[in-house]
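S.K.: Before anything else, here's the structure in question.
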Amino acid sequence: MSSDLTQLPLEELLEQIQDNLYGGNAEPVVAGVHELLRRGLTPYEALTQGLIAGMDVVGEDFRTGKLFVPQVLMAAKAMKAGMEVLRPLLAETGAPRIGTLVIGTVKGDIHDIGKNLVGMMMEGAGFQVINLGINTDVEKFLHAVREHAADILGMSALLTTTMPYMRVVIQALKEAGLREKLIVLVGGAPLNADFAKSIGADAYCRDAAKAVATAKRLMAEKNGAPIA
Amino acid sequence: MERRLPDGARWRALLESAGPVLADGAMGTMLFEAGLMSGDSPERWNVERPDVIRGIHRAYRDAGSRILLTNTFGENRFRLALHGLDTRVAELNEAAARLAGEVAHAPGCDAVVAGDIGPSGAILAPLGDLERADAVKGFAEQAAALYAGGVDVFWIETMSALEEVEAAVEGARQAAPGVPIVVTMSFDTHGCTMMGVRPEQAAKELTALGAVAVGGNCGLGPAELLPAMIAMRAAAPDAVLIAKPNAGLPVLEGDRAVYRGSPEEMADYARRLTAAGVRIVGGCCGSAPEHLRAMAAAIGDRPR
Numbered sequence: 000m001s002s003d004l005t006q007l008p009l010e011e012l013l014e015q016i017q018d019n020l021y022g023g024n025a026e027p028v029v030a031g032v033h034e035l036l037r038r039g040l041t042p043y044e045a046l047t048q049g050l051i052a053g054m055d056v057v058g059e060d061f062r063t064g065k066l067f068v069p070q071v072l073m074a075a076k077a078m079k080a081g082m083e084v085l086r087p088l089l090a091e092t093g094a095p096r097i098g099t100l101v102i103g104t105v106k107g108d109i110h111d112i113g114k115n116l117v118g119m120m121m122e123g124a125g126f127q128v129i130n131l132g133i134n135t136d137v138e139k140f141l142h143a144v145r146e147h148a149a150d151i152l153g154m155s156a157l158l159t160t161t162m163p164y165m166r167v168v169i170q171a172l173k174e175a176g177l178r179e180k181l182i183v184l185v186g187g188a189p190l191n192a193d194f195a196k197s198i199g200a201d202a203y204c205r206d207a208a209k210a211v212a213t214a215k216r217l218m219a220e221k222n223g224a225p226i227a
Numbered sequence: 000m001e002r003r004l005p006d007g008a009r010w011r012a013l014l015e016s017a018g019p020v021l022a023d024g025a026m027g028t029m030l031f032e033a034g035l036m037s038g039d040s041p042e043r044w045n046v047e048r049p050d051v052i053r054g055i056h057r058a059y060r061d062a063g064s065r066i067l068l069t070n071t072f073g074e075n076r077f078r079l080a081l082h083g084l085d086t087r088v089a090e091l092n093e094a095a096a097r098l099a100g101e102v103a104h105a106p107g108c109d110a111v112v113a114g115d116i117g118p119s120g121a122i123l124a125p126l127g128d129l130e131r132a133d134a135v136k137g138f139a140e141q142a143a144a145l146y147a148g149g150v151d152v153f154w155i156e157t158m159s160a161l162e163e164v165e166a167a168v169e170g171a172r173q174a175a176p177g178v179p180i181v182v183t184m185s186f187d188t189h190g191c192t193m194m195g196v197r198p199e200q201a202a203k204e205l206t207a208l209g210a211v212a213v214g215g216n217c218g219l220g221p222a223e224l225l226p227a228m229i230a231m232r233a234a235a236p237d238a239v240l241i242a243k244p245n246a247g248l249p250v251l252e253g254d255r256a257v258y259r260g261s262p263e264e265m266a267d268y269a270r271r272l273t274a275a276g277v278r279i280v281g282g283c284c285g286s287a288p289e290h291l292r293a294m295a296a297a298i299g300d301r302p303r
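Residue numbers (numbering that gives the first Met the number 0), protein chains in the order written: chain A, 0 to 227; chain B, 0 to 303.
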């Protein structure tokens, strides 16, 4: 690989960053991000045109079965490395805030591979993500939603026996007056759209790629304007 | 008191005669039928409700199952930790193995006890956080307890990652080198496992690890497992193949998940699976004794 990134036309540089993201190569992604900034792109532009655009391809190929969990995890790690460069700069430059997601696997359930994938893909889409881990109870969900002024709450359950707990959390959000402003997304193998509707969630997301698309769409509706 | 045979003797005897062999059906589904509540630990019932566990084993045995899986799917230390039971791995696994043994090895019965070993629920390093050495240790601990309880074979199932299978096989070998090992994976994502393992790749690699039988379990149902088994057959023509599909996918009725796959449907697929070269068939989530009875009749494994 050519070590002189400075010679590449912008288009090829962006393409190279996206390829490296796809391949899970963290170091070249970081180098590419630095080069974008050196050329005067804003941190927000570097984020959207480099990292997010690259993760879109990863998400799409995951959805269609071209990529599997290991490749997505590697890509997400590379994304994270690039994001670490950008995060402080994004805050400094007052870049548009994309949104904050609080996510967790519900009480009684320890499955977190799918939920972590959603978290990483959402980070890949530029969201700030607070991952509460597994076995999360109502109090922990409510506390985190308040503390981080979350825009979105994501709940996951892999067991038919634990998914009813999602209804309990949504009920508690209503009682606490937090439900109105919040987008609630649910996911997990045994769920479906009917279940999501019946418990009062905003949407069921079949996989991580779908979660990102749905989050973006609902955030845009909420803000009355599309985001990147 | 049952006689303790040489390690693996019952397993070898089971496969000596030609023809298909019926394994059992779901444990979890039956436990919920018996009143296990959401969030409860199914593992605890090995010591607190042994009558229920024994009853489920007996129902499968009487339906014609000749392989009974212990109620230990989630009984490695990683998963027991959720219920605060991770210090009780030895006790719970040994108890479960004995319960299955009381039914399988009862006078006049020639069923085998398969010590069920499920996934850790974590992803192995470097991709994930679980160090390989810790995984091996955890699986060895569970396998040692199953062995102490008298299992005839280790049954590593519902796996997604080859790295984790390797760790589980290594742990089982450490615990009891003479006990045969069976491995099945869950092909539930675009025809592969969640981690992207293709059936033909699984057939080759699991056989290379020394598994005495390999196959697929759980997943999306028998219709989706059939092509995976055909691919495994082609990749490993001499392997003993196992298919233990769910009774379809769960459908929600209120907050309750119901598996709609009928006994007739499972019987039909049992026939197709054995015709495709699968030697051992059974059911996973949603399959009850009535499904297994229909499957026994369909494949001509003698009912009892």
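Beta carbons are placed, not taken as given, at the ideal position from N, Cα and C, and that holds for glycine. In this text, all values refer to a predicted model and were calculated from it rather than measured experimentally.
Taking any Cβ of chain B, which residues in the segment 112–143 of chain A have a Cβ under 7 Å from it, in chain order?
M.R.: Those would be Ile112 and Asn134, in chain order.
S.K.: Strictly under 8 Å for the Cβ-Cβ distance: is Ile122(B) near chain A by that measure?
M.R.: Yes, contact with chain A.
S.K.: List, in chain order, every chain E residue whose beta-carbon is nearer than 9 Å to that of Asp150(A).
M.R.: Among the chains of the structure shown, chain E does not appear; the protein chains present are A and B.
S.K.: Taking DSSP as the reference, what is the three-state secondary structure of Ala160(B)?
M.R.: Residue state, collapsed to three classes: coil.
S.K.: Would you check if the distance between the CB atom of Leu306(B) and the CB atom of Arg278(B) is smaller than 8 Å?
M.R.: Any answer about residue 306(B) is impossible in this case: the structure gives chain B only from 0 up to 303.
S.K.: So with Cβ pairs under 8 Å, would you call Leu72(A) a contact of chain B?
M.R.: It does: the Cβ of Leu72(A) has a partner Cβ on chain B nearer than 8 Å.
S.K.: Measure the CB-CB distance between Pro49(B) and Leu98(B) and report whether it falls below 8 Å.
M.R.: In this structure, Leu98(B) lies closer than 8 Å to Pro49(B) by Cβ.
S.K.: Quick check: Arg87(B) and Leu81(B), are their CB atoms within less than 8 Å of each other?
M.R.: No, the Cβ-Cβ distance between Arg87(B) and Leu81(B) is not below 8 Å.
S.K.: Closest by CA to Ile298(B), which one among Leu13(B), Ala22(B), Arg11(B) and Arg3(B)?
M.R.: The option with the nearest alpha carbon to Ile298(B) is Ala22(B).
S.K.: Return the chain-ordered ranges of every beta strand (DSSP E) run that is complete within the segment 225–295 of chain B and spans a minimum of 3 residues.
M.R.: Counting whole runs of 3 or more residues, the segment 225–295 of chain B contains the beta strand (DSSP E) stretches 240–244, 249–252 and 255–258.
S.K.: Could you check the C-alpha separation between Glu140(B) and Gly177(B) for me, to the nearest Å?
M.R.: One C-alpha to the other measures close to 16 Å.
S.K.: If Pro221(B) and Pro244(B) are in contact, beta carbons under 8 Å, what's the gap, nearest whole angstrom?
M.R.: With 8 Å as the limit, Pro221(B) and Pro244(B) qualify as a contact, their Cβ atoms being about 4 Å apart.
S.K.: Return the chain-ordered ranges of every beta strand (DSSP E) run that is complete within the segment 47–121 of chain A and spans a minimum of 3 residues.
M.R.: You should have 99–104.
S.K.: If contact means a Cβ-Cβ distance below 7 Å, which residues of the segment 197–224 of chain A contact chain B?
M.R.: Hits within the stretch: zero.
S.K.: For a test of the three-state rule: what should DSSP assign to Ala202(A), helix, strand or coil?
M.R.: In this structure, Ala202(A) counts as strand in the three-state DSSP scheme.
S.K.: Give the secondary structure of Met0(A) by DSSP, where H, G and I count as helix, E and B as strand, and everything else as coil.
M.R.: Confidence is the limiting factor: at Met0(A) the pLDDT is only 49, short of 50, which leaves the residue's position unreliable, though a coordinate-based value still follows. If DSSP states are grouped into helix, strand and coil, Met0(A) belongs with coil.
S.K.: For the beta strand (DSSP E) that contains Gln184(B), what are its first and last residues?
M.R.: Here residue 184(B) is Met; the residue named in the question, Gln, does not match the sequence. Unbroken beta strand (DSSP E) run through Met184(B): Ile180 to Met184.
S.K.: Using a Cβ cut-off of 9 Å, pull out every chain A residue sitting near Thr188(B), in sequence order please.
M.R.: Chain A residues near Thr188(B): Gly64, Phe67 and Val68.
S.K.: Could you give the DSSP three-state label for Ile122(B): helix, strand or coil?
M.R.: If DSSP states are grouped into helix, strand and coil, Ile122(B) belongs with coil.
S.K.: Based on the DSSP output, what are the partners of Thr135(A) in its beta bridges?
M.R.: Paired residue(s): Val105(A).
S.K.: Could you compute how far the alpha carbon of Ser286(B) sits from the alpha carbon of Ala242(B)?
M.R.: Cα to Cα, Ser286(B) sits roughly 13 Å from Ala242(B).
S.K.: Would you mind sorting Ala192(A) into buried or exposed? The rule is 16 or more other CB atoms within 10 Å of its CB.
M.R.: Under this definition Ala192(A) is an exposed residue.
S.K.: Where does the unbroken beta strand (DSSP E) through Ala212(B) begin, and where does it stop?
M.R.: First-last of the beta strand (DSSP E) with Ala212(B): Ala212 to Cys217.
S.K.: Which runs of the beta strand (DSSP E) spanning at least 3 residues fall entirely within the segment 99–146 of chain B, listed in chain order?
M.R.: For the segment 99–146 of chain B, whole beta strand (DSSP E) runs of length 3 or above, ordered along the chain, are 111–116.
S.K.: Can you name, in chain order, every residue of its own chain whose Cβ lies under 6 Å from the Cβ of Leu50(A), other than the five neighbours on each side?
M.R.: Taken in chain order, the residues that qualify are Met78 and Gly81.
S.K.: Using C-beta distances below 6 Å, list every residue in its chain close to Leu205(B), excluding the 5 sequence neighbours before and after it, in chain order.
M.R.: For Leu205(B), where only same-chain residues beyond five positions count, the Cβ hits under 6 Å are Val182 and Val213.
S.K.: Step through the CB atoms of chain A and report whether any lies within less than 8 Å of the CB of Ala256(B).
M.R.: Judged by the 8 Å Cβ criterion, Ala256(B) is in contact with chain A.
S.K.: If the cut-off is 9 Å on Cβ atoms, which residues from the segment 166–196 of chain B count as contacting chain A, listed in chain order?
M.R.: If the cut-off is 9 Å between Cβ atoms, the segment 166–196 of chain B has Asp187, Thr188, His189, Gly190, Cys191, Thr192, Met193, Met194, Gly195 and Val196 near chain A.
S.K.: Identify the continuous alpha helix (DSSP H) that holds Leu172(A) and give its terminal residues.
M.R.: Unbroken alpha helix (DSSP H) run through Leu172(A): Tyr164 to Glu174.
S.K.: Do we get a CB-CB distance below 8 Å when we pair Arg259(B) with the residues of chain A?
M.R.: It does not; no Cβ of chain A falls within 8 Å.
S.K.: Can you find at least 3 beta carbon pairs, one from the segment 158–177 of chain B and one from the segment 187–197 of chain B, that sit closer than 8 Å?
M.R.: Output reads yes: the segment 187–197 of chain B touches the segment 158–177 of chain B.
S.K.: Which residues in chain B have a C-beta closer than 8 Å to the C-beta of Asp193(A)? List them in chain order.
M.R.: The contacting residues are Leu251.
S.K.: What's the call for Ser16(B), buried or exposed, on a 16-neighbour Cβ count within 10 Å?
M.R.: Classification of Ser16(B): exposed, given that the 10 Å Cβ count is below 16.
S.K.: Buried or exposed for Pro249(B), going by 16 or more other Cβ atoms inside 10 Å?
M.R.: Classification of Pro249(B): buried, given that the 10 Å Cβ count is 16 or more.
S.K.: Touching or not, the segment 126–133 of chain B and the segment 100–109 of chain B, by the rule of three or more beta carbon pairs under 8 Å?
M.R.: No, they do not touch.
S.K.: Could you check how far apart the C-beta atoms of Ala142(B) and Ile122(B) are, in whole angstroms? I think they sit under 8 Å.
M.R.: At roughly 21 Å, the Cβ-Cβ gap does not stay under 8 Å, so Ala142(B) and Ile122(B) are not in contact.
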